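First up is the structure itself, then whatever we jot down about it.
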Amino acid sequence: MPTTNKREYEAAVSRIKEENNRMLMRRSRYFMLQLATEMAEANQRELTENEHNNTLNNEKYLSDYAMSDEDM
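By full-length UniProt numbering, the letter at position 9 of the sequence shown is numbered 9, and the numbering carries on one by one without gaps.
Spelled out as structure tokens, the structure:
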């Protein structure tokens, strides 16, 4: 962790926060997919490919802004 100056420290903290947010978003999508799969199994059916993709790409569980390593 850089400690030489305040700017480097703030940049490092910002990257850590961004990665933590990204992990939370991935985790949310994983659990939403798991729940959708369990609900489908409870109804004695399988998720279609379209339902699977819609669950993973639900706009409520996607970031509102591009991450620093993504194309903007």
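Glycine included, each C-beta is placed from N, C-alpha and C at the ideal position.
From a predicted model like this one, the values you see are computed outputs, not experimental measurements.
Cβ distance (whole Å) where residue i is taken to contact residue j below 8 Å
i	j	result
residue 40	residue 33	Their Cβ separation, rounded to whole angstroms, is 11 Å, which puts residue 40 and residue 33 out of contact at 8 Å.
Between the CA atoms of residue j and residue i - distance to the nearest angstrom
i	j	result
residue 5	residue 25	31 Å
residue 11	residue 20	14 Å
residue 50	residue 42	19 Å
residue 38	residue 14	36 Å
residue 9	residue 36	41 Å
residue 44	residue 53	20 Å
Contact the segment 26-33 vs the segment 53-60: 3+ CB pairs below 8 Å: yes
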